[in-house]
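Just so you know, the sequences run in chain order A, B and C.
First residue of the first sequence: 1, per full-length UniProt numbering; consecutive thereafter.
First residue of the second sequence: 1, per full-length UniProt numbering; consecutive thereafter.
First residue of the third sequence: 1, per full-length UniProt numbering; consecutive thereafter.
For each residue, glycine too, the CB sits at the ideal point set by N, CA and C.
Here the structure is a predicted model, which is why all the values come from computation and not from measurement.
Presented below is the structure to which this report refers.
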Amino acid sequence: MDAFLLQILNGLDKGSAYALIALGLTLIFGTLGVVNFAHGALFMIGAFCAVTLQRLLTLSYETVDPERTDFLGNPMTVETPYVEAWFGPATGGALVDWAVPLAIVLAIPVMMLVGFVMERGLIQHFYKRPHADQILVTFGLAIVLQEIVKAVYGANPIPTPAPSALRGSMDVGALVGMEAYAVVYPIWRLVYFVFAALVIGGVFAFLRFTTFGMVVRAGMADRETVGLLGIDIDKRFTLMFGLAAAVAGLAGVMYTPILSPNYHMGMDFLVLSFVVVVVGGMGSLPGAVLAGFLLGILQSFASMNEVKSLIPGIDQIIIYLVAIVILLTRPRGLMGRRGVMEE
Amino acid sequence: MTDATQTAFPAQTPRAEAARDAQGRRDRMLLLIVALLALAAPILLNPFPTASALAQFNAGYPDLMQRFAIYGILAIGFNILFGLTGYLSFGHAAFLGVGSYSAVWMFKLLSMNVIPAILLATVIGGLFALVIGFVSLRRSGIYFSILTLAFAQMCYNLAYSVLTPISNGETGLQLSLSDPRVLDGPSSGSLPVTSLFGAEMREAATITLGGWSWTFSVGYYVCAALLLLAFWLSIRIFRSPFGLMLRAVKSNQNRMAYTGLSARPYTLAAFVISGMYAGLAGGLLASMDPLAGADRMQWTASGEVVLMTILGGAGTLLGPVLGAGVIKYFENIFSKINDAILHQWVAVLPDGLEDAVVAVIHPFVGKGWHLTLGLIFMAVVIFLPGGLVEGARRAGAVVRRRDRNAPSVESDAAARRAAAE
Amino acid sequence: MTSRFTRRGLLKTGTAFTASGLALPTIFTSRASAFTNEPTGSSVVLGFNVPQTGAYADEGADELRAFELAVEHLNGEGDGGMLSTFSSDALGGDGILGKRVDFVTGDTQTKSDAARASAQSMIQKDGAIMISGGSSSGVAVAVQGLCQEAGVIFMAGLTHSNDTTGKDRKANGFRHFFNAYMSAQAMAPVLSSLYGDDRRAYHLTADYTWGWTQEESIAAATEALGWETVEKVRTPLGAGDFSSYIAPVLNSGADVLVLNHYGGDMVNSLTQAVQFGLKDRQANGKDFQIVVPLYSELMARGAGSAIAGIPGSQNWDWKLEDAGTQAFVQSFGQKYGFPPSQAAHTCYAQTLLYADAVARAGSFDPCAVVEALEDYDFDGLGNGPTTYRGADHQCFKDVVVVQGAEDPQDEFHLVDIVEVTPVDQVTYPPDHPMFAGGSLGECNPGA
């Protein structure tokens, strides 16, 4: 029972990440009809927003400490972060400690901007081009983006810890009256789940209750008619691209304490996010979220020893197996609409 | 429909017949040109004297030339599916991988002769394609792509881990001294090498002329011969009624259905043929270098085939081969340019300037070869929609603007592709 | 009728012919040299094949730095580094056998296929006579096999699987780095003194060949101490999120978690295990412990504060105090501004060892080199007295056991040396079951 509960938590947590990435990807798919292979790169750039803020906050001035020596035996240079000098060690230290959550503030404008530039500068010229061309150009872009990140930050994963207050684990089981230490779970993963739920809810509310959202949904359903009504759908689509980039970026920022960011993390998530979107059904936002959580939970269960000893290697292939079964039983995934990306 | 497509219809009027004859001539011409290029590749790909600084850009050594030919075969096969029917398979690497595994197993169990290995690889590639295609082709568009991807990723993940007894996992399947090799008998001392009835794949003759040096290897010519065969077959398929049906699948499946034709047997046939091409390529890879690794089946490898085809020009005859060449060239040549070589190139410049030039080039070569490749993908798709072949056609069109009535075979295909989209 | 790849060997003669006025092509139909890529000019080419893209790119970059440094020292430039502490004095700083050392580089991408393509290009195109480098065992075994067939020497870089000098050993291949068995043997006494002999271990293992040999070795060594193995769980390579594998550990009855992971997997699994609170928990009345059998500086950096107190083993560490290490760290640190990693050290040592073997043999012939390296005893390369065993081409030397620093004084002091386990404790017979099933075969000079 405890093991079961733990794996559900793990599944929800994995699912949050999958759903967030798939949400942004399906926004672009559904509204713009663009196969965006650079979406994983947006997730990665989001994660590196956190790294960048961490680096900015720890920008330091150097003083030479003659008492200590460095590894070559020369006098050691000691680095003191500017923020500690300006705000005092306590406030400065706290700022550095909270770098990851603070990076959200940095990531939203940066990712929106990245999204706008990408859409206006590149993607908009590809709306009418074949999907093959979209794949090639976005794949090329993804490579370029990750190589730039590699050139700046190197290939090694970079530790980006959660704030120390949220770093440990808590006894979730005790909260619901189970015996002590039966279900212990990292606090940051719970934070990530809540955060993902908020973002997903926010995006849905935005599309549901705002005029802007209404127009975009109408555009998803029938772009031509909306254009005929005299609405400048292109401008809204630019905003949508920015929004999708921001969602991917936020997913990346908050994921950094769980997965130390490296430059190829976007590529690692790319295939998975496509599978999630397609299993959810093309053009369906609820489908993407549902598929994200479903695959996350199934993957967690497949990783249990009991299951693995029954079917060796099942945890290696469960995602793909489920995708095949679902696509064969439901032709357009869980909630896909007829005619979207079927040609 | 363009008139180029119509020329492929069975001839009914003298005019159409004449057009078909003209196309046949152009096809034969193209095949001849490709054959000559393949024959002379060891010379053409080594344009720089060995001692010169530019020798770094020479690609005429056996291993790389073999890879050009093999990945060319793979891309040609992929193009028969994607270029003609528009079905984008994201799992073709699986067929390449199983082809390699079956070939190496053939070397281990039967004989070091490459013929049985290549045959088995082709058959197994086709069988896998039959099964995967039968299931995946129940869906179209992106749903099809994801199904093929899922199958290939399952193959990769299993080969890397639980199927290690068959695949030898991370290291890859290799020959060993204790293999039975029923026909050859057990080997002692050193590992046997792959051969074609006694002609070892790695045998080579080197000719030096002036500062140049050219290596002609048996392995490369085996690959080149099969490349030509594959290319010829692909022309035949493009021009056949079968090829026409495949194009009909791409342009309008509904209309096809209304005329009482089911698309699936045709697409499945195309899928199996392209799977056999991939199996053949995999078998050849193993024949040139008897090692089969799971990496060959990873989605990045499948993606690479897709990129090769689109980069060169999907739906064109020559495009996929060109695309394969470009990507393999960057992987093998650009990745080897290091700072020491850069300094050597610009050594004539004054010191400060030399460092500056090296600093500018540095990010794009050596460990930055991915960056250059990414930029090239973007540049090609932005400036040469339709791929490299389309670019060549445009350049050609500028040169002979006067003679607009003599489009090349490639431009036909490119135009047809544009029309179909 | 034909000769094999001897382009470089032919070059010189080819140009000589044309220089003497022969305009006709010179077709060589007989064997023109005694072995593959015999150097005939004033220089010799070494091939450094390291990961430059992919997850191990930083490790590869460090290896490349070490190679460049080694070449500098061989050519008599720089401060000479470990040449001055090396027990052999066959190398005089005038290249190898008087030939200047040139090198070419390539990208393995940490894929067997790409690594072999890259090595092939070095052998066929650039005339490399020795290939070195690499950062994974799969690649090392694949390239070692290629070098054996092509007839050049392979000096393995970072490869830790037992198989490299076990069932996949080759006559033309040599490994200076230690292996999974040695790691386990070196760690066992330290684990015993740190955590006692009554422990229950839970293994998480990367599901591929290296992971399996690591798991087998450490499980055997800890079971010999009296530890019990509760469970061995395989995790997919590059899983990223290990939560579903870590979550069951706490309630499994185990009190030690052994992470048989490397690279990004190790960084993530360790970080996440700490997040799950494993280090703060108690089990079976003891403090819960985490063990990482194979450590590297780059992984320690990636895992950040999570490594505090975690024990592991290394082939070498820059904080060792022997003269060789000090000379190397000085030399490397002066040039690049930070201390070298163990990957850099092993690549530097391998290059020197190869050059020295050629110099002692008086020939570049691979078979002469093999003979010179087999059962060769040396010292002064940072690991104390070392033997290149002839039976399996594995180096035998002390193993460094380290522990993650609790409060690192700077970014380079991430681990503290706990003990240097003497070589006798990690030595095993060449036919040990974990290494059985392979044979060196005969050395192959190619051509």
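Residue i versus the options, residue with shortest Cα-Cα distance
| i | options | result |
| --- | --- | --- |
| M82/C | V329/C, P445/C, G60/C | V329/C |
| G313/B | A18/B, I33/B, R394/B | R394/B |
| F197/B | P62/B, F134/B, V222/B | V222/B |
| Q299/A | V183/A, L321/A, G213/A | L321/A |
| D431/C | V104/C, D163/C, Q120/C | D163/C |
| residue 344/A | M341/A, S16/A, Y255/A, G242/A | Not covered by the structure: residue 344/A. The range shown for chain A is 1 to 343. |
| S244/C | D171/A, V152/A, P186/A | P186/A |
| P366/C | N268/C, F174/C, Q272/C, L294/C | F174/C |
| M282/A | L243/A, T26/A, K14/A | T26/A |
| G280/A | V83/A, L294/A, M112/A | L294/A |
| A186/C | Q214/C, D168/C, T351/C | Q214/C |
| A218/A | I233/A, F204/A, I143/A | I233/A |
| G134/C | G76/C, Y195/C, Q52/C | Q52/C |
| L280/B | A93/B, A16/B, L209/B, K336/B | A93/B |
| G382/C | H393/C, T85/C, T351/C | T85/C |
| V110/A | L270/A, L250/A, G88/A, Q134/A | L250/A |
| L96/B | M112/B, G77/B, G83/B, V114/B | G77/B |
| V276/A | K308/A, I318/A, L32/A | I318/A |
Beta-carbon contacts of residue i that lie in its chain and below 6 Å, excluding the five residues immediately before and after
| i | result |
| --- | --- |
| L285/B | I70, S100 |
| L373/B | F330 |
| G283/B | G99, A103, A117, I118, A121 |
| V71/C | V101, F103 |
| R8/C | Only weak support is given to the placement of R8/C: the predicted model assigns it a pLDDT of 42, under 50, and the value that follows is read from those uncertain coordinates. Closer than 6 Å at Cβ, skipping near neighbours: N37, G127. |
| V399/B | none |
| L328/A | none |
Short Cβ contact (7 Å threshold) for residue i with residue j
| i | j | result |
| --- | --- | --- |
| T309/B | A38/B | no |
| P363/B | W214/B | no |
| P331/A | S260/A | no |
| A303/C | V267/C | yes |
| Y220/B | Q124/C | no |
| A114/C | A155/A | no |
| L419/C | V401/C | Checking the displayed sequence, the identity of residue 419/C turns out to be Glu instead of Leu. Yes, the Cβ-Cβ distance between E419/C and V401/C is below 7 Å. |
| G292/A | Y18/A | yes |
| F177/C | T346/C | yes |
| L183/B | L110/B | yes |
| A38/A | A142/A | yes |
| G141/B | G275/B | no |
Rounded distance between the beta-carbons of residue j and residue i, thought under 8 Å
| i | j | result |
| --- | --- | --- |
| A306/C | L270/C | 5 Å |
| V114/A | I45/A | 6 Å |
| V162/B | G313/A | 4 Å |
| L334/A | I326/A | 7 Å |
| G384/C | A323/C | Contact flag wrong, Cβ pair sits at about 11 Å. |
| F364/C | I131/C | Not a contact, Cβ separation roughly 14 Å. |
| G15/A | I200/A | Not a contact, Cβ separation roughly 11 Å. |
Proximal residues to residue i (C-beta, below 8 Å), its chain only, five neighbours per side dropped
| i | result |
| --- | --- |
| P75/A | V64, D65, P66, R68, T69 |
| E149/C | N444 |
Contacts around residue i, its chain only, beta-carbon distance under 7 Å, and the 5 residues preceding and following it disregarded
| i | result |
| --- | --- |
| F412/C | F338, P339 |
| H131/A | V35 |
| R199/C | W227, D255, V256 |
Practice prompt. Enumerate, from N- to C-terminal direction, the unbroken alpha helix (DSSP H) stretches of 4 or more residues contained entirely within the segment 51 to 100 of chain A.
Written response: 82 to 97
Practice prompt. Kindly provide the ranges of any alpha helix (DSSP H) runs that are 4 or more residues long and lie completely inside the segment 345 to 419 of chain C, ordered along the chain.
Written response: Annotation note: the segment 345 to 419 of chain C contains the following uninterrupted alpha helix (DSSP H) runs of length 4 or greater, listed N- to C-terminal: 366 to 373.
Item to complete: Starting from the N-terminal side, write out each stretch of the alpha helix (DSSP H) that is 4 residues or longer and does not extend beyond the segment 201 to 240 of chain B.
Response: 218 to 239
Item to complete: Could you name each continuous beta strand (DSSP E) segment of 3 residues or more that falls completely within the segment 204 to 238 of chain A, going from the start of the chain to the end?
Response: Under the rule that a run must span 3 or more residues, no beta strand (DSSP E) segment is found entirely inside the segment 204 to 238 of chain A.
Discussion item. My parser needs the beta strand (DSSP E) runs of 3 or more residues fully inside the segment 86 to 155 of chain C; what are they?
Written reply: 100 to 107, 130 to 133
Worksheet item: For the segment 263 to 333 of chain A, which segments carrying the alpha helix (DSSP H) assignment without a break, of at least 4 residues, lie completely within its bounds, in sequence order?
Response: Listed in chain order, the alpha helix (DSSP H) runs fully inside the segment 263 to 333 of chain A are 265 to 280, 285 to 302, 305 to 310, 314 to 329, counting runs of at least 4 residues.
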